[in-house]
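J.:
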Amino acid sequence: MKLATYFRMRGDDVVFYKGDLKEFVIRQITEECVEQLAKVDDTIDWKLRFNLIATYIRYRRKTDLDQIGIDDSESAIFIYPWIEHFKKFYHSGEYKKHPRWDWVGVTTLFTFYWDITIETIEFAKTMVKDQKNLMVGGVLASIQPKEIEAATGIKPHCGTLHTAAVDGKGGDIDEDNPYIIDELPLDYSILDEIDYEYPDGGSYYSYSTRGCIRKCEFCAVWTLEPKYQEHIPLHDRIARTRRLYGEQQNLLLMDNNVLASAKLKEIIEDIKSCGFTKGAKYIEPNLYAIAVRNLRLHMNDRAYIRKCFKLLQSINNYKGLSEKMRTEIFALREKHGFLHPETCKREELIATYKDFAPYFDAKYKRLKGRLRFVDFNQGVDARLFNEDKVSLLAEIPVRPLRVAFDDIKTETKYKKAIKLSLKHGMRDFSNYLLYNFTDKPVDLYHRLSVNVQMCEDMDVSIYSFPMKYHPIRGEHSHDRDYIGEHWNRKYIRAVQAILNATKGKIGRGVSFFEKAFGSSEEEYMELLLMPETFLLFRFFFEDLGYTQQWKDAMAELNNEEREELLPIIFKNEFNQIEKLTDNPKFLRILKFYKDYRSEIADQNSELYHLKQEFEKKRMTEISKRKKSTFDKH
Numbered sequence: 003m004k005l006a007t008y009f010r011m012r013g014d015d016v017v018f019y020k021g022d023l024k025e026f027v028i029r030q031i032t033e034e035c036v037e038q039l040a041k042v043d044d045t046i047d048w049k050l051r052f053n054l055i056a057t058y059i060r061y062r063r064k065t066d067l068d069q070i071g072i073d074d075s076e077s078a079i080f081i082y083p084w085i086e087h088f089k090k091f092y093h094s095g096e097y098k099k100h101p102r103w104d105w106v107g108v109t110t111l112f113t114f115y116w117d118i119t120i121e122t123i124e125f126a127k128t129m130v131k132d133q134k135n136l137m138v139g140g141v142l143a144s145i146q147p148k149e150i151e152a153a154t155g156i157k158p159h160c161g162t163l164h165t166a167a168v169d170g171k172g173g174d175i176d177e178d179n180p181y182i183i184d185e186l187p188l189d190y191s192i193l194d195e196i197d198y199e200y201p202d203g204g205s206y207y208s209y210s211t212r213g214c215i216r217k218c219e220f221c222a223v224w225t226l227e228p229k230y231q232e233h234i235p236l237h238d239r240i241a242r243t244r245r246l247y248g249e250q251q252n253l254l255l256m257d258n259n260v261l262a263s264a265k266l267k268e269i270i271e272d273i274k275s276c277g278f279t280k281g282a283k284y285i286e287p288n289l290y291a292i293a294v295r296n297l298r299l300h301m302n303d304r305a306y307i308r309k310c311f312k313l314l315q316s317i318n319n320y321k322g323l324s325e326k327m328r329t330e331i332f333a334l335r336e337k338h339g340f341l342h343p344e345t346c347k348r349e350e351l352i353a354t355y356k357d358f359a360p361y362f363d364a365k366y367k368r369l370k371g372r373l374r375f376v377d378f379n380q381g382v383d384a385r386l387f388n389e390d391k392v393s394l395l396a397e398i399p400v401r402p403l404r405v406a407f408d409d410i411k412t413e414t415k416y417k418k419a420i421k422l423s424l425k426h427g428m429r430d431f432s433n434y435l436l437y438n439f440t441d442k443p444v445d446l447y448h449r450l451s452v453n454v455q456m457c458e459d460m461d462v463s464i465y466s467f468p469m470k471y472h473p474i475r476g477e478h479s480h481d482r483d484y485i486g487e488h489w490n491r492k493y494i495r496a497v498q499a500i501l502n503a504t505k506g507k508i509g510r511g512v513s514f515f516e517k518a519f520g521s522s523e524e525e526y527m528e529l530l531l532m533p534e535t536f537l538l539f540r541f542f543f544e545d546l547g548y549t550q551q552w553k554d555a556m557a558e559l560n561n562e563e564r565e566e567l568l569p570i571i572f573k574n575e576f577n578q579i580e581k582l583t584d585n586p587k588f589l590r591i592l593k594f595y596k597d598y599r600s601e602i603a604d605q606n607s608e609l610y611h612l613k614q615e616f617e618k619k620r621m622t623e624i625s626k627r628k629k630s631t632f633d634k635h
């Protein structure tokens with residue numbers, strides 16, 4: 003978003019893309035194809051057949067070609083060769099000889115995305131006119147720059163963009179635009195160029211500090227942001243965003259250790275000056291008026307045409323308007339070609355603004371204010387909590403307060419941080435719990451149980467998000483196969499299976515937690531050992547009796563037998579169980595570890611029918627409980 007601002011300030015056309023670059027190129031080629039077809043026959047709106055043409059160019063299937071409806075054209079005899087030309091242009095790789103872009107930037111993410119990252123960089127080489135203007139940056143590129151260069155020949159940019167040079171080679175600063183890119187305001191419009199919607203959309207994104215005072219072994223921050231900046235002013239950047247893109251509801255700050263700043267009081271005052279005070283409410287601005295205004299200003303036509311289409315589609319379905327008004331909106335959209343994004347035109351959207359404005363005005367008059375919140379998204383350091391700092395945090399509407407609990411050794415300070423926060427009126431918390439590092443499996447259970455118990459004892463809300471450690475350098479940094487010294491593959495899979503059922507987080511509720519993770523450390527360790535499908539379909543296999551049979555069989559083992567069997571289970575490789583051992587006692591237990599999922603999905607299997615009967619019985623029991631609760635009320 004900062005780079006988009008930088009290039010627009012230079013007068014460049016900027017495109018943001020998230021996804022497979024091959025798909026991006028296909029869409030480019032399809033745009034050229036549609037433009038050519040319109041020259042051959044302008045009686046058909048080929049834009050409406052854009053996706054059909056793109057599908058054919060990609061897959062070359064005759065069925066897809068037939069779907070386009072080329073024979074609808076009186077000039078079909080000329081249309082067919084053009085479509086074949088553009089199909090061949092892509093599949094022959096001819097497009098690689100004609101790169102279109104003056105500059106391409108590739109953002110790299112986690113190190114375990116190594117393969118797809120290298121593939122993306124290699125493909126991006128074919129898109130840029132001069133490879134010296136292919137810039138690679140981001141997390142992976144900053145952590146492993148030598149490896150990236152060895153694999154691709156591209157020297158990546160490391161760390162943050164505290165320079166205006168963007169050629170990736172340490173080039174000269176652009177004298178006409180000598181801006182510190184990292185400090186530029188964000189271009190929010192690029193988010194409307196893509197279909198993907200970011201989870202925290204509708205927020206101001208920013209930093210009030212950069213870097214961290216610590217150098218934790220598992221962390222990349224001290225590599226990415228080596229210099230700690232105690233305060234990066236927010237007010238002017240937020241004001242600019244508000245002016246150009248409209249008010250945003252929340253403030254998402256990506257500081258890595260804000261409490262380390264000696265200027266915390268200034269930061270809090272800065273945040274309050276941006277409109278984020280306790281009890282402050284957000285009233286959504288007229289987004290359609292903003293979008294059309296920005297179309298008039300040519301800020302990002304591609305994005306705002308898409309945005310206008312979505313907003314018109316939304317107002318057409320808005321239940322707060324009468325059916326008569328919604329019918330009028332549809333008729334207007336149909337008349338001006340606004341029923342499809344491909345046929346929306348900038349000039350027409352601007353010219354018809356006054357026709358749609360009353361409907362949007364009617365909607366926005368009905369809207370009520372919503373509370374605003376501040377989120378220090380990367381978490382705060384429990385070891386730095388004290389009365390003064392917490393009292394400052396309490397002056398702004400932080401929700402949730404994310405407090406890291408990565409190490410069981412910090413338990414005392416972590417509890418103190420939560421209690422101090424509660425004392426100052428904060429009740430909503432979230433935290434990250436690192437596991438598979440130097441910790442033991444039981445440490446994860448203990449930290450989770452600490453949070454669940456504090457929820458009960460203190461009447462607060464704490465959502466825990468266990469995060470599996472992956473090394474950022476060395477062996478296994480390019481995959482997800484790393485196993486911590488106290489962990490094994492079976493334990494890792496078990497935790498992931500349990501988290502799959504809890505949707506990756508653990509909140510309030512002792513009974514829920516104890517069912518998911520066990521009511522004691524011993525029961526938790528037993529769950530980690532349990533067959534994976536027994537964890538995934540917990541209630542079904544318990545009802546079937548399989549879970550108890552497995553427990554009984556495990557209980558029959560003596561200590562020597564357990565020591566011999568457990569290493570086999572820890573490997574978590576059960577595709578050929580009969581080859582794992584010739585011990586009949588072990589084989590009886592290991593048969594429970596087969597993957598039952600295919601049987602459960604097979605409509606001809608006995609297990610499938612047993613599962614269906616179980617679900618019916620379970621739904622009946624749930625209905626009875628609901629009726630009983632209703633009768634009591």
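Throughout the sequence shown, residue numbering follows this note's numbering, covering 3 to 635 in sequence. Just so you know, even glycine gets a beta-carbon here, dropped at the ideal spot from N, CA and C.
Could you pull out every unbroken alpha helix (DSSP H) segment of at least 4 residues lying fully inside the segment 159-240, listed in chain order?
T.: Those alpha helix (DSSP H) runs which fall completely within the segment 159-240 and span 4+ residues are 223-226.
J.: Decide if M532 is buried, meaning its Cβ has at least 16 other Cβ atoms within 10 Å, or exposed.
T.: On the sequence shown, residue 532 is found 530 positions in, with the first residue counted as 1. Buried, since its Cβ has 16 or more Cβ neighbours within 10 Å.
J.: Tell me the start and end of each unbroken alpha helix (DSSP H) in the segment 476-560 that is at least 4 residues and wholly inside, in chain order.
T.: Counting whole runs of 4 or more residues, the segment 476-560 contains the alpha helix (DSSP H) stretches 491-503, 512-519, 523-531, 534-538, 540-546 and 548-557.
J.: Taking the C-alpha atoms as reference points, what is the distance between K321 and A364?
T.: The residue labelled residue 321 in the question sits at position 319 within the sequence shown. The residue labelled residue 364 in the question sits at position 362 within the sequence shown. Answer to the nearest angstrom: the Cα atoms are 12 Å apart.
J.: Ordered along the chain, which non-local residues of its own chain (more than five positions away) have a Cβ less than 7 Å from that of I145?
T.: Looking up residue 145 in the sequence shown gives position 143. For I145, where only same-chain residues beyond five positions count, the Cβ hits under 7 Å are T113, A222, T225, I474 and R475.
J.: Using only CA atoms, which one of G140, K127 and H164 lies nearest to G155?
T.: Translated into positions along the sequence shown, residue 155 becomes position 153. Checked all of G140, K127 and H164; the closest Cα to G155 is K127.
J.: Quick one: what's got a C-beta closer than 7 Å to I70's C-beta in the same chain, skipping five residues either side?
T.: As a working mapping, residue 70 is identified with position 68 in the sequence shown. For I70, where only same-chain residues beyond five positions count, the Cβ hits under 7 Å are R51, L54, I55 and Y58.
J.: In whole angstroms, give me the CA-to-CA distance for E121 and P228.
T.: Taking the first residue of the sequence shown as 1, we reach residue 121 at position 119. Taking the first residue of the sequence shown as 1, we reach residue 228 at position 226. The straight-line gap from Cα to Cα measures roughly 29 Å.
J.: Look at the Cβ atom of G520, then the Cβ atom of Y465, and state whether they are nearer than 9 Å.
T.: Position 518 of the sequence shown, counted from the start, is the residue given in the question as residue 520. Position 463 of the sequence shown, counted from the start, is the residue given in the question as residue 465. Their beta carbons are not under 9 Å apart, which means G520 does not touch Y465 by this criterion.
J.: Counting C-beta neighbours from all protein chains within 10 Å, is the total for A152 16 or more, i.e. buried, or is it exposed?
T.: If you number the sequence shown from 1, residue 152 lands on position 150. Classification of A152: exposed, given that the 10 Å Cβ count is below 16.
J.: How big is the Cα-Cα spacing for D174 and D74?
T.: Along the sequence shown, read from residue 1 onward, the residue named residue 174 stands at position 172. Along the sequence shown, read from residue 1 onward, the residue named residue 74 stands at position 72. At D174, the pLDDT of 49 sits below 50, so the modelled position is not reliable; the number obtained from the coordinates is stated separately. Distance between the alpha carbons of D174 and D74: 56 Å.
J.: Have a look at K626 and E617 and give me their C-alpha separation to the nearest angstrom.
T.: As a position in the sequence shown, residue 626 is number 624, starting the count at 1. As a position in the sequence shown, residue 617 is number 615, starting the count at 1. Using only the alpha carbons, I get a separation of about 14 Å.
J.: Ignore the nearest five residues each way along the sequence and tell me which others in K280's own chain have a CB closer than 6 Å to its CB.
T.: Along the sequence shown, read from residue 1 onward, the residue named residue 280 stands at position 278. Counting only Cβ-Cβ distances below 6 Å, and skipping sequence neighbours, we find P399.
J.: So, is the C-beta of K148 closer than 9 Å to a C-beta in chain B?
T.: In the structure shown, chain B does not exist; there is a single protein chain.
J.: Roughly how far, in whole angstroms, is the beta-carbon of E219 from the beta-carbon of K265, given that I think they are within contact range, below 8 Å?
T.: As a working note, residue 219 is residue 217 in the sequence shown. As a working note, residue 265 is residue 263 in the sequence shown. No, E219 and K265 are not in contact; Cβ-Cβ is about 28 Å, not under 8 Å.
J.: By the three-class DSSP mapping on this structure, what secondary structure does P473 have?
T.: One-based indexing of the sequence shown puts residue 473 at position 471. In the structure shown, P473 sits in coil (DSSP, three-state: anything other than H, G, I, E or B).
J.: Across the segment 301-309 and the segment 194-205, are there enough close Cβ pairs to call them in contact, namely three or more that are closer than 8 Å?
T.: Touching, yes, given that three or more Cβ pairs across the two stretches are closer than 8 Å.
J.: Do you know how far the Cα of G13 is from the Cα of R308?
T.: One-based indexing of the sequence shown puts residue 308 at position 306. One-based indexing of the sequence shown puts residue 13 at position 11. Cα to Cα, the separation comes out at about 22 Å.
J.: Kindly give me the distance between the Cβ atoms of V405 and N379, rounded to whole angstroms, as I take these residues to be in contact under 8 Å.
T.: Residue numbering aside, residue 405 sits at position 403 when the sequence shown is read from its first letter. Residue numbering aside, residue 379 sits at position 377 when the sequence shown is read from its first letter. Not quite, the Cβ-Cβ distance comes to about 13 Å (not below 8 Å), so this is no contact.
J.: Decide yes or no for the touch test of the segment 75-83 against the segment 34-45: beta carbon pairs closer than 8 Å, at least 3 of them.
T.: Cβ pair count under 8 Å is three or more, so yes.
J.: Rounded to whole angstroms, what's the CA-CA distance from K411 to F311? Just pull it up for me.
T.: By one-based count along the sequence shown, residue 411 stands at place 409. By one-based count along the sequence shown, residue 311 stands at place 309. So the alpha carbons of these two residues sit roughly 53 Å apart.
J.: What are the boundary residues of the alpha helix (DSSP H) that includes N252?
T.: Locating residue 252 in the sequence shown gives position 250, counting from the first residue. Element bounds for N252: not the alpha helix (DSSP H) but the beta strand (DSSP E), N252 to L255.
J.: Who pairs with T109 in a beta bridge, going by DSSP?
T.: Taking the sequence shown and counting its residues from 1, the one referred to as residue 109 is at position 107. BP columns for T109 point to G139.
J.: Can you tell me whether A293 is buried or exposed, with buried defined as 16 or more other CB within 10 angstroms of its CB?
T.: Your numbering for residue 293 matches position 291 in the sequence shown. Answer is buried; the Cβ neighbour count reaches 16.
J.: Between the alpha carbons of V141 and C214, how many angstroms are there, rounded?
T.: Position 139 of the sequence shown holds residue 141. Position 212 of the sequence shown holds residue 214. In a straight line, the C-alpha of V141 is about 16 Å away from that of C214.
J.: Taking buried to mean at least 16 other C-beta atoms within 10 Å of its own C-beta, is H480 buried or exposed?
T.: Locating residue 480 in the sequence shown gives position 478, counting from the first residue. Looking at its Cβ environment, which holds 16 or more other Cβ atoms inside 10 Å, H480 is buried.
J.: Would L561 be called buried (16 or more neighbouring beta carbons within 10 Å of its own) or exposed?
T.: Walking along the sequence shown from the start, residue 561 turns up at place 559. According to the sequence shown, residue 561 is Asn rather than Leu. Exposed.
J.: Tell me which residues share the same chain as G170 and place their Cβ nearer than 6 Å to its Cβ, disregarding the 5 neighbours each side in the sequence.
T.: Here residue 170 refers to the residue found at position 168 of the sequence shown. Here G170 scores only 43 on pLDDT, less than 50, and its place in the model is too uncertain to base an answer on.
J.: Between L424 and L435, is the Cβ-Cβ spacing less than 9 Å?
T.: Locating residue 424 in the sequence shown gives position 422, counting from the first residue. Locating residue 435 in the sequence shown gives position 433, counting from the first residue. No, they are not a contact pair.
J.: For F356 and F362, what's the separation of their Cα atoms in angstroms?
T.: By one-based count along the sequence shown, residue 356 stands at place 354. By one-based count along the sequence shown, residue 362 stands at place 360. Looking at the sequence provided, one finds Lys at residue 356 rather than Phe. About 10 Å.
J.: Considering only C-alpha positions, which residue in the set N490, C457, L246 and D117 is nearest to K442?
T.: Residue numbering aside, residue 442 sits at position 440 when the sequence shown is read from its first letter. The option with the nearest alpha carbon to K442 is N490.
J.: Who are the near neighbours of T622 in its chain, counting only those whose CB is closer than 8 Å to its CB and skipping five residues on each side?
T.: Taking the sequence shown and counting its residues from 1, one reaches residue 622 at position 620. Closer than 8 Å at the Cβ level, and outside the excluded window around T622, lies no residue.
J.: What's the gap between the Cα of Y598 and the Cα of F515?
T.: Working through the sequence shown from its first residue, we reach residue 598 at position 596. Working through the sequence shown from its first residue, we reach residue 515 at position 513. So the alpha carbons of these two residues sit roughly 25 Å apart.
J.: Output needed for L394: all residues of its chain with C-beta closer than 7 Å, excluding positions within five of it in sequence on either side, in chain order.
T.: Here residue 394 refers to the residue found at position 392 of the sequence shown. Closer than 7 Å at the Cβ level, and outside the excluded window around L394, lie L266, K267 and I270.
J.: When you compare the segment 537-546 with the segment 562-581, are there three or more beta-carbon pairs, one atom per stretch, that lie closer than 8 Å?
T.: With a cut-off of 8 Å, the segment 562-581 and the segment 537-546 do not count as touching, because too few Cβ pairs lie within range.
J.: For E376, count neighbouring C-beta atoms within 10 Å of its own C-beta (all shown protein chains included) and say buried if the count is 16 or more, exposed if not.
T.: Counting from one through the sequence shown, the residue named residue 376 turns up at place 374. Checking the sequence, you will find Val at residue 376 rather than Glu. With 16 or more Cβ atoms within 10 Å of its Cβ, V376 is classed as buried.
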